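Enquirer:
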Amino acid sequence: MSLPSTFLGKDLVGLEPLTAAQIRAILDTAEPFKEISERAIKKVPVLRGKTIVNLFFEASTRTRISFEFAEKRLSADTVNIAAQGSSVQKGETLVDTARNLEAMRIDMVVMRHPSSGAAKFLGERIPSNVINAGDGRHEHPTQGLLDMLTIRDHLGRIEGQRVCIVGDVLHSRVARSNIWGLTKLGAEVAVCGPRSLLPRGVEELGVQVFNRVEQAIEWANVLNVLRLQLERMQGGFIPSLREYNRIFGITRERVERAPGALLILHPGPMNRGVEIDSDVADGPHAVILDQVTNGVAIRMAVLYLLAGGAPEKAEAAKGES
Amino acid sequence: MPEPQRQLLMDERAVERALARMAREIVERNAGVAGLAVLGIQRRGVQLADRIAAEIERAEGARPAVGTLDITLYRDDLTAIGPRPVLGETRLPPGGIEGRSVVIIDDVLYTGRTVRAALDELADFGRPARIFLCVLIDRGGRELPIQPDVVGRVIDTAADQRVEVLVPELDGRLAVELIRPTGAT
Numbered sequence: 002m003s004l005p006s007t008f009l010g011k012d013l014v015g016l017e018p019l020t021a022a023q024i025r026a027i028l029d030t031a032e033p034f035k036e037i038s039e040r041a042i043k044k045v046p047v048l049r050g051k052t053i054v055n056l057f058f059e060a061s062t063r064t065r066i067s068f069e070f071a072e073k074r075l076s077a078d079t080v081n082i083a084a085q086g087s088s089v090q091k092g093e094t095l096v097d098t099a100r101n102l103e104a105m106r107i108d109m110v111v112m113r114h115p116s117s118g119a120a121k122f123l124g125e126r127i128p129s130n131v132i133n134a135g136d137g138r139h140e141h142p143t144q145g146l147l148d149m150l151t152i153r154d155h156l157g158r159i160e161g162q163r164v165c166i167v168g169d170v171l172h173s174r175v176a177r178s179n180i181w182g183l184t185k186l187g188a189e190v191a192v193c194g195p196r197s198l199l200p201r202g203v204e205e206l207g208v209q210v211f212n213r214v215e216q217a218i219e220w221a222n223v224l225n226v227l228r229l230q231l232e233r234m235q236g237g238f239i240p241s242l243r244e245y246n247r248i249f250g251i252t253r254e255r256v257e258r259a260p261g262a263l264l265i266l267h268p269g270p271m272n273r274g275v276e277i278d279s280d281v282a283d284g285p286h287a288v289i290l291d292q293v294t295n296g297v298a299i300r301m302a303v304l305y306l307l308a309g310g311a312p313e314k315a316e317a318a319k320g321e322s
Numbered sequence: 343m344p345e346p347q348r349q350l351l352m353d354e355r356a357v358e359r360a361l362a363r364m365a366r367e368i369v370e371r372n373a374g375v376a377g378l379a380v381l382g383i384q385r386r387g388v389q390l391a392d393r394i395a396a397e398i399e400r401a402e403g404a405r406p407a408v409g410t411l412d413i414t415l416y417r418d419d420l421t422a423i424g425p426r427p428v429l430g431e432t433r434l435p436p437g438g439i440e441g442r443s444v445v446i447i448d449d450v451l452y453t454g455r456t457v458r459a460a461l462d463e464l465a466d467f468g469r470p471a472r473i474f475l476c477v478l479i480d481r482g483g484r485e486l487p488i489q490p491d492v493v494g495r496v497i498d499t500a501a502d503q504r505v506e507v508l509v510p511e512l513d514g515r516l517a518v519e520l521i522r523p524t525g526a527t
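Chains as they are written, first to last, in our numbering: chain A, 2 to 322; chain B, 343 to 527.
#1: Counting only the same chain and skipping the five closest in sequence on each side, list residues whose C-beta sits under 6 Å from that of A/A221.
#2: Which residues in the same chain as A/A77 place their Cβ atom closer than 6 Å to its Cβ, once the five residues preceding and following it in sequence are excluded?
#3: In its own chain, which residues sit with a C-beta less than 6 Å from the C-beta of A/A31, not counting the 5 before and 5 after it?
#4: Is there a Cβ from chain A that is less than 8 Å from the Cβ of B/L429?
#5: Reducing DSSP to helix, strand and coil, say where A/N179 ends up.
#6: How close, in whole Å, do the beta carbons of B/I488 and B/L464 come, if the pair is a contact with beta carbons under 8 Å?
#7: So which of B/I497, B/D498, B/L478 has the shortest CA-CA distance to B/E354?
#8: Under the three-state reduction of DSSP, which class applies to B/I383: helix, strand or coil?
#9: With DSSP as the reference, label A/S88 as helix, strand or coil.
#10: Can you tell me whether DSSP reads A/I299 as helix, strand or coil?
#11: Return the chain-ordered list of same chain residues with a C-beta closer than 8 Å to the C-beta of B/G454, the five sequence neighbours on each side being excluded.
#12: Given a cut-off of 8 Å, decide if B/T456 and B/G482 are closer than it, judged by their beta-carbon atoms.
#13: What does B/E506 pair with, by DSSP beta-bridge criteria?
#14: Can you pull the chain A neighbours of B/D466, defined as C-beta to C-beta under 9 Å?
#15: Just the C-alpha distance for B/E509 and B/V518, rounded to the nearest angstrom, thanks.
#16: If contact is defined by three or more beta carbon pairs under 8 Å, each pair taking one atom from either stretch, is the stretch 93-110 of chain A in contact with the stretch 270-283 of chain A?
#17: To the nearest angstrom, how far is the alpha carbon of A/F68 from that of A/D136?
#18: By the three-class DSSP mapping on this structure, what secondary structure does A/Q230 have?
#19: Can you give, in chain order, each stretch of the alpha helix (DSSP H) that sits fully within the stretch 180-245 of chain A and has at least 4 residues?
#20: What first and last residue would you give for the beta strand (DSSP E) that runs through B/R469?
#21: Looking at the secondary structure, which residues open and close the alpha helix (DSSP H) in which A/A22 lies?
#22: Near A/T79, what residues of its chain come up, given a Cβ to Cβ distance below 7 Å and the 5 sequence neighbours on each side ignored?
#23: Roughly how many angstroms lie between the CA atoms of B/L520 and B/R348, to the nearest whole one?
#24: In angstroms with no decimal places, state the Cα-to-Cα distance between B/L543 and A/Q216.
#25: For the stretch 122-181 of chain A, list the alpha helix (DSSP H) runs that are entirely contained and at least 4 residues long, ordered along the chain.
#26: Who are the neighbours of A/E215 on chain B, taking C-beta pairs under 7 Å?
#27: Can you say whether A/I42 is buried or exposed, counting buried as having 16 or more other CB atoms within 10 angstroms of its CB?
#28: Given 8 Å as the limit, is there contact between the stretch 281-289 of chain A and the stretch 255-267 of chain A, that is, 3 or more CB pairs closer than that?
#29: Closest to A/V223 by CA distance: which of A/A21, A/E160, A/L95, A/K121 is it?
#30: Would you be able to state if there are at least three C-beta pairs under 8 Å between the stretch 191-198 of chain A and the stretch 140-149 of chain A?
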């Protein structure tokens, strides 16, 4: 029952281009990969001999380490390149970097880049598989997938859940990947935050908008609380962090007023006391560390699916052994 | 396209009798149930392992440890067949395999590549005292130096034929069928 690698295509650029069936298949594939990380020997040989470059043009600890664990647990060889702080910009220089890597015979590139669309740009220009680990404000597909896997683990299904994304939606690629993925799988999605931090026309993506976080909590059974991106807040989007916490912070008092069960996700790293209070982050509703655990399994699943070989051989080699 | 021909090789009773004998042979080779761990290879080896474990329990009054093994990630032909998106569960028996007599159970033994992968996977989990290979059907056609210890039935097949083991949990009935492409004699 093999499916060709074109099942996902060559690259994973975002969740927007994927079908519901493709997204579901990634989530299903991640399930058995969870167990590998619980073994004494956390390694299977499936990507033995593949070389993967983690090309990070932006700071990242969690995502990079998560990808690296996933790659190593599948027995791939990995190289990390941090181009942070350099004057690299999308365009010739990015392609030159990738072409130089390709000249050393690599198989996959996992890339984070400050420019929206950088992953697609690169994927169209090199034959290696490209996995988007976050590009500007565009998408962060593996984060969206691990959020969905965590919701499915706890609630049994995605369909019919009411998920509200709270906070800095404007700058958030996590929000975009969540909106695409969750709506494709039949969840209702809303966003909540200061108007200055919601993208104009966000309703056109098929999401509700709540102006008050209390309303969002009353409506939702899942909150995905985004990090307030302090490094991107030079532009005067909010008056002050304290003010933000007072109006939009996920506090224990607010959570306790939820009418039903509430699941709270956060992509990390958290600004405790800004978008989420410590009481909540460490409390019974939060599944933030489950998200981190699931992140490795999701990335293993994506690497595995993209690494599969030539689709034209798929039929020929089928059959029992 | 014309339907391929299906020929019944073993009916339900025949499979049950074979499994009962295989269970006895396993216990005999291991001189009892102590230290025995039965591992079914996904997918249909899993149901056969459950049946063999039940037979052993019926005959000996003690149940061996049971687990499942998915060898997909240990195959040597990922790039040839493409990835299988949905992998089966690998679940070692409680207590693991270290120092135990492990019985690998699969439905059909053909090229031996699945068994090779299973041996590699088991080596990553620990060091069994010994490993037995137990298959319901040995259809020949080996590509590796691998042979079974306990066999339900040996049959001769051509490369374009397939042998299907059907189990009630997945297929609604217990049987073994030989499938020939139409037009072949």
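Don't be surprised by glycine CBs; every beta carbon is placed ideally from N, CA and C. For clarity, every value in this text was computed on a predicted model and none was experimentally measured.
Expert: Working from what's here:
#1: Closer than 6 Å at the Cβ level, and outside the excluded window around A/A221, lie R163, C165.
#2: Within the same chain, A/A77 has close Cβ partners L48, K51, I53.
#3: L150, A298, I299, A302
#4: yes
#5: helix
#6: Actually they do not touch by this definition, with Cβ atoms about 14 Å apart.
#7: B/L478
#8: strand
#9: Unreliable placement is indicated for A/S88, whose pLDDT of 47 sits below 50; no coordinate value is reported for it.
#10: It is helical.
#11: R484, E485, L486, P487, I488
#12: no
#13: B/E519
#14: R40, A41, I42, K44, V45, P46
#15: A small correction: the amino acid at residue 509 of chain B is Val; Glu does not occupy that position in the sequence shown. Note on geometry: alpha-carbon atoms of B/V509 and B/V518 lie some 9 Å from one another.
#16: no
#17: 16 Å
#18: coil
#19: 214-220
#20: No beta strand (DSSP E) contains B/R469, which DSSP labels as neither H nor E.
#21: 21-37
#22: I53, N55, E69, E72, K73
#23: 6 Å
#24: This structure cannot speak to residue 543 of chain B, because chain B is shown only from 343 to 527.
#25: 142-156
#26: Ordered by position in chain B, no residue passes the 7 Å Cβ test against A/E215, which lies about 41 Å from the chain.
#27: Per the 10 Å Cβ criterion, exposed.
#28: yes
#29: A/E160
#30: In this structure the stretch 140-149 of chain A does not lie against the stretch 191-198 of chain A, because fewer than three pairs of beta carbons, one per stretch, are closer than 8 Å.
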